[in-house]
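Enquirer: Each residue of the sequence shown is one higher than the one before, counting from 82 in the working numbering.
We treat Cβ as the ideally placed atom computed from N, Cα and C, and that holds for glycine.
Nothing here was measured: the structure is a model prediction, and the numbers come from that model.
Once you've had a glance at the structure underneath, I'll fire off some questions.
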Amino acid sequence: MSSLTEKMSSKRILVLHGPNLNLLGAREPEIYGKTTLSDINEMLKKRATELGVDEIEIRQSNSEGEIIESIQKARGRYDFILLNAGAFTHYSIAIRDAIAAVPVPVIEIHLSNIYKREEFRHKSVIAPVVLGQISGFGATGYIAALEIAVRKLERDAE
Ligand code: DQA
Numbered sequence: 082m083s084s085l086t087e088k089m090s091s092k093r094i095l096v097l098h099g100p101n102l103n104l105l106g107a108r109e110p111e112i113y114g115k116t117t118l119s120d121i122n123e124m125l126k127k128r129a130t131e132l133g134v135d136e137i138e139i140r141q142s143n144s145e146g147e148i149i150e151s152i153q154k155a156r157g158r159y160d161f162i163l164l165n166a167g168a169f170t171h172y173s174i175a176i177r178d179a180i181a182a183v184p185v186p187v188i189e190i191h192l193s194n195i196y197k198r199e200e201f202r203h204k205s206v207i208a209p210v211v212l213g214q215i216s217g218f219g220a221t222g223y224i225a226a227l228e229i230a231v232r233k234l235e236r237d238a239e
């Protein structure tokens, strides 16, 4: 490929964990398992290194406003967002609007299968504005999302 046609494949990933995910491991283990958030983060960092990711930034916030700001500031700074918005998934039009406003692709993640649970969890207001959703595979879902993001970035740069 000539230097004129060669595209840069930048792989900068932002992982956002929403409310109550800091309690993973202790929180309703029959639903969310015993894996802690720091276990998930370590798994993500290890896999990111193996996949040649340039940068992986991981944040957890219980605040809707902080999540919105992270999404807004991702413009031009990150190439992909992996988002578990926790309960905000089901009602935060403001997070949905932030995702729609920013040209950074988002993969929506849920540890549990939200469609198998209470009816109020069946609706995701962010689903129509994300690239896709992974729900029900526990911590593995985050790794799958990372792999999908990297593959997509590499393909798009070809
Ligand atoms: C969750 C599912 C949400 O319904 C819930 O409010 C969470 C976690 C999940 O990862 O399964 O906090 O997003």
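With hydrogens ignored, establish whether the beta-carbon of P209 is closer than 8 Å to any heavy atom of the ligand DQA.
Expert: No - the ligand DQA has no heavy atom lying nearer than 8 Å to the Cβ of P209.
Enquirer: In angstroms, rounded to a whole number, what distance separates the CA positions of P110 and P100?
Expert: Looking at the two C-alpha atoms, the distance is approximately 16 Å.
Enquirer: Less than 8 Å between the CB of S119 and some heavy atom of the ligand DQA, yes or no?
Expert: For the ligand DQA, not one heavy atom lies less than 8 Å from the Cβ of S119.
Enquirer: Is DSSP giving H203 helix, strand or coil here?
Expert: Here H203 sits in coil by DSSP.
Enquirer: Grouping DSSP H, G and I as helix and E and B as strand, with all else coil, what is I169?
Expert: In the sequence under discussion, the amino acid at residue 169 is Phe, which differs from the Ile named in the question. F169: helix per DSSP, three-state reduction.
Enquirer: Do P184 and R156 have their C-beta atoms within less than 9 Å of each other?
Expert: For P184 and R156, yes; Cβs fall inside 9 Å.
Enquirer: Would a C-beta distance cut-off of 9 Å place H98 and S142 closer than the cut-off?
Expert: Cβ atoms of H98 and S142: closer than 9 Å.
Enquirer: Output the residue ranges of the beta strand (DSSP E) runs that lie fully inside the region 115-202 and measure 3 residues or longer, sorted by chain position.
Expert: DSSP runs (the beta strand (DSSP E)) wholly in the region 115-202: 136-141, 161-165 and 187-191.
Enquirer: Near the ligand DQA, which residues have their beta-carbon less than 6 Å from any of its heavy atoms, given in chain order?
Expert: Selection output, chain order preserved: N101, N165, G167, A168, T170, H191, L192, S193, I195 and R202.
Enquirer: Determine, using beta-carbon pairs with one atom in the region 109-125 and one in the region 216-230, whether at least three such pairs fall under 8 Å.
Expert: Touching, yes.
Enquirer: Using only alpha-carbon positions, find the residue among K92, E200 and I176 that is nearest to E150.
Expert: Nearest C-alpha to E150: I176.
Enquirer: Please return the same chain residues whose Cβ sits closer than 8 Å to the Cβ of N103, not counting the five positions on each side in sequence.
Expert: These residues qualify, in order along the chain: L118, Q141 and N143.
Enquirer: CB L227 to CB D160, shorter than 9 Å?
Expert: No; because the gap between Cβ atoms is not below 9 Å, this pair is not in contact.
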